[in-house]
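With UniProt numbering applied, the sequence shown covers 1 to 266.
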Amino acid sequence: MIPTPSRRLFAGIALDLGSARSRAWTSGRRMILDVPTVTFHGGGAVYPIRRGAIVDTPGTARMLDRLLGHRLPRFGRPLLILTAPVLGGVAYRAEARVAVEVLRPRAVLTVPTARAVASAADADLARPLLVVDIGAHLTEVALLAEGAVVDARHTALGTSDLDRRTSPAPPLSSPSPDPSPSGHITDCVAAMVTAMLEQDRSPRTREALRRGALLAGGGALIPDISCGLAAQLHAPVKPVPAPHTAAVRGAAKLLRAAHGHPSAHP
Numbered sequence: 001m002i003p004t005p006s007r008r009l010f011a012g013i014a015l016d017l018g019s020a021r022s023r024a025w026t027s028g029r030r031m032i033l034d035v036p037t038v039t040f041h042g043g044g045a046v047y048p049i050r051r052g053a054i055v056d057t058p059g060t061a062r063m064l065d066r067l068l069g070h071r072l073p074r075f076g077r078p079l080l081i082l083t084a085p086v087l088g089g090v091a092y093r094a095e096a097r098v099a100v101e102v103l104r105p106r107a108v109l110t111v112p113t114a115r116a117v118a119s120a121a122d123a124d125l126a127r128p129l130l131v132v133d134i135g136a137h138l139t140e141v142a143l144l145a146e147g148a149v150v151d152a153r154h155t156a157l158g159t160s161d162l163d164r165r166t167s168p169a170p171p172l173s174s175p176s177p178d179p180s181p182s183g184h185i186t187d188c189v190a191a192m193v194t195a196m197l198e199q200d201r202s203p204r205t206r207e208a209l210r211r212g213a214l215l216a217g218g219g220a221l222i223p224d225i226s227c228g229l230a231a232q233l234h235a236p237v238k239p240v241p242a243p244h245t246a247a248v249r250g251a252a253k254l255l256r257a258a259h260g261h262p263s264a265h266p
């Protein structure tokens, strides 16, 4: 089928739904749309995504309609690639698919956030890779092997917790606890990576650490976190360029690749 002009102009959407901010990229545009993850209903603000979970699907749909609805061509049906928390599971993907229906996609593909980050960084996926994504409300650690997630951990802790007087204690003991606010995050990440090492009967986690961890999310912009992680992990930590938008940029790259595949067209 020969694409119509509207399809050429608006062939797809890359979408990253965060607890604090949501970001989107649309075909034919250079700018990334970046807005707070909030909508309004009944006269008050509603936060439809919390700690990496969609808690208000209709609210998420209203937010997406406000963000992208007026940008859609009247008869366009975009291909949509959506990032998803690595441990979000079927429930997250199901709620997300319902919410994005407001955008009238012809197809919805989901990709783990860690895989999208690796794509944005042009990482070599032929070797094991450790991705640490520190968002506003959720921190994820994922081990990729040949591009697939083979192990993952997360904690409901992020950069939004740094300005609180008391932060949650790390889930596991850390070899060198850091009493600073950002230290709670580095302790948690170090504990999750340590658990991966202890439970991995293959050399993949250790090899990924020797290679160096990719660091994404707003936490990668905080020097204390990247330096603290390198010290605790005894391994290189490499913040990706523009780490707060890495996931949506990686999804956009995958979207462009999907458009070049015959199965991407109806």
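By construction, the Cβ of each residue, glycine as well, lies at the ideal position given by its N, Cα and C atoms.
- Judged by pairs of C-beta atoms under 8 angstroms, the region 208-228 touches the region 182-195, as three or more such pairs exist.
- If you check the CB distance, V141 and A123 do not come in under 8 angstroms.
- At a Cβ-Cβ threshold of 8 angstroms, G12 and L80 count as neighbours.
- Here H244 carries a helix assignment [DSSP, helix/strand/coil].
- In terms of Cβ geometry, T37 and A20 form a close pair [threshold 8 angstroms].
- In this structure L144 is in contact with A114, their Cβ atoms being roughly 6 angstroms apart against a cut-off of 8 angstroms.
- Counting only runs of 4 or more residues that sit fully inside the region 96-174, the alpha helix (DSSP H) segments are 113-120, in chain order.
- Just so you know, the alpha carbons of K238 and I222 end up roughly 13 angstroms apart.
- Following the DSSP letters along the chain, one finds I225 inside the alpha helix (DSSP H) bounded by residues 223-233.
- Nearest to P236 by alpha-carbon distance, out of R210, P128, D16, P48, is R210.
- DSSP, reduced to helix, strand and coil, places P58 within a helical segment of the structure shown.
- Considering only A247, A120, R51, R104, the residue with the shortest C-alpha distance to T159 is R51.
- When DSSP states are grouped into helix, strand and coil, R77 belongs to the coil group.
- DSSP places G12 within a strand segment (E or B) once states are collapsed to three.
- For L209, the uninterrupted alpha helix (DSSP H) run begins and ends at 204-211, by DSSP.
- Rounded to the nearest angstrom, the gap between the Cα atoms of P73 and V149 is 35 angstroms.
- By the neighbour-count criterion, in which a residue is buried when 16 or more other Cβ atoms sit within 10 angstroms of its Cβ, M196 is buried.
- In terms of Cβ geometry, A136 and A246 do not form a close pair [threshold 8 angstroms].
- Residue state for T26 is assigned as strand, using DSSP reduced to three classes.
- E146 and G218 have their alpha carbons spaced roughly 26 angstroms apart.
- D34: member of the beta strand (DSSP E) spanning 33-36, first to last residue.
- Around the C-beta of V240, 16 or more other C-beta atoms lie within 10 Å, and the residue is accordingly described as buried.
- Inclusion of P112 and A84 in the CB contact set at 8 angstroms is warranted, their separation being smaller than that value.
- Look at L72 here: in three-state DSSP terms it is coil, with no helix or strand label.
- Per DSSP, P48 lies in no beta strand (DSSP E) and is assigned neither H nor E.
- If you draw a straight line from the Cα of H154 to the Cα of H41, it is about 31 angstroms long.
- Between the alpha carbons of L255 and V98 lies a distance of about 20 angstroms.
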